[in-house]
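Each protein sequence line maps, in turn, to chains D and F.
Residue numbers for the first sequence follow the numbering used here, so the first one is 1 and each next one is one higher.
Residue numbers for the second sequence follow the numbering used here, so the first one is 1 and each next one is one higher.
Every residue gets a Cβ at the ideal spot worked out from N, C-alpha and C, and that includes glycine.
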Amino acid sequence: MLELRLVQGNLLKKVLEAVKDLVTDANFDCSSTGFSLQAMDSSHVALVALLLRSEGFEHYRCDRNVSMGMNLNNMAKMLKCAGNDDIVTIKADDGSDTVTFMFESPNQDKIADFEMKLMDIDSEHLGIPEAEYHAIVRMPSSEFARICKDLSSIGDTVVISVTKEGVKFSTRGDIGNANVVCRQNTTVDKPEESTTIEMHEPVSLTFALRYMNSFTKATPLSSTVTISLSSELPVVVEYKIAEMGYIRFYLAPKIED
Amino acid sequence: GCNQSTITEFFGKI
């Protein structure tokens with residue numbers, strides 16, 4: 001028996017919007033720790049790791065570890081039917097091949113349940129090693145989204161370079177090239193508008209902008225984004241989900257021949 | 001030129 005009641009149901013809607021274009025089918029794993037997902041895109045260039053901790057749910061019952069295979073597009077379709085203020089409950093019986101999403105309006109005058117078929121998905125879990133990153137950039141998520149969108153109108157790849165001057169996002173394409181430099185800026189009144197750069201070593205890596213743009217679909221989940229870079233490692237683009245956990249995107253770099 | 005690497009080149013299966 002599994003029953004997870006999430007008062008902020010729209011968090012789940014936002015999570016699905018953030019991952020459904022990157023990953024088609026995925027196993028959601030439910031344990032005493034929380035509701036999680038790890039999945040790669042079909043070309044194995046990007047990996048998404050989601051954790052919604054059990055403490056973040058109003059009610060969390062998970063009698064045994066369960067892995068539920070879902071088509072994310074279908075799940076997104078169902079969650080779109082929930083109102084933004086609705087409480088969402090995820091329910092599944094042991095051994096069932098369906099999952100039920102129950103939507104309750106805040107004043108309890110409307111209750112809907114949507115039952116979705118589960119699927120068998122062969123997926124392997126990857127071990128993500130703890131790494132010391134050369135540079136960690138924290139910036140407003142909307143600013144990062146803007147930069148990725150702007151640069152992708154010029155080129156296909158972005159070079160992210162961190163030096164003591166700041167973080168530079170560069171691209172080049174047929175029509176020309178573009179560079180955006182963001183400097184550390186902690187003097188603004190609101191911490192969510194600041195940019196902080198923690199650099200242990202300068203680092204410069206190249207990534208496909210198409211994926212970066214896809215990650216920025218998680219922007220509604222968090223006002224800030226953390227970008228962790230190390231040479232010879234996938235970049236981590238992390239959006240914290242307030243009180244609940246995180247969604248992390250890992251993107252393998254493009255490497256010189 | 002640049003070659004796209006994959007996640008599985010960095011992270012091993014559990």
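In this structure, DSSP gives S214/D a helical state, which the three-state scheme calls helix. For the region 107-140 of chain D, the residues whose beta carbon sits under 9 angstroms from a beta carbon of chain F are, in order, E124, H125, L126, G127, I128 and P129. Contact between V66/D and L118/D is absent: CB atoms are separated by about 10 angstroms, not below the 8 angstroms threshold. The region 82-101 of chain D makes no contact with the region 15-24 of chain D; the number of CB pairs closer than 8 angstroms stays below 3. Not one beta carbon of chain F lies nearer than 7 angstroms to the beta carbon of A39/D. When secondary structure is reduced to three states using DSSP, F57/D falls in the coil class, being assigned neither helix nor strand. The Cβ atoms of V237/D and F215/D sit closer than 7 angstroms to each other. L126/D has its alpha-carbon roughly 12 angstroms from the corresponding atom of Y250/D. Listed as beta-bridge partners of Y246/D by DSSP are L51/D and K240/D. Between the beta-carbon of T224/D and that of R138/D there is about 6 angstroms, and that keeps the pair under the 8 angstroms contact cut. Taking the beta carbon of L233/D as reference, the chain F residues within 7 angstroms of it are F10, listed in sequence order. Annotation: E238/D has no Cβ neighbours in chain F at a cutoff of 7 angstroms; minimum Cβ distance is about 16 angstroms. Contact between L209/D and T157/D holds, since their C-beta atoms are separated by about 6 angstroms, short of 8 angstroms. One thing to note: L51/D has its Cβ within 7 angstroms of the Cβ of S36/D.
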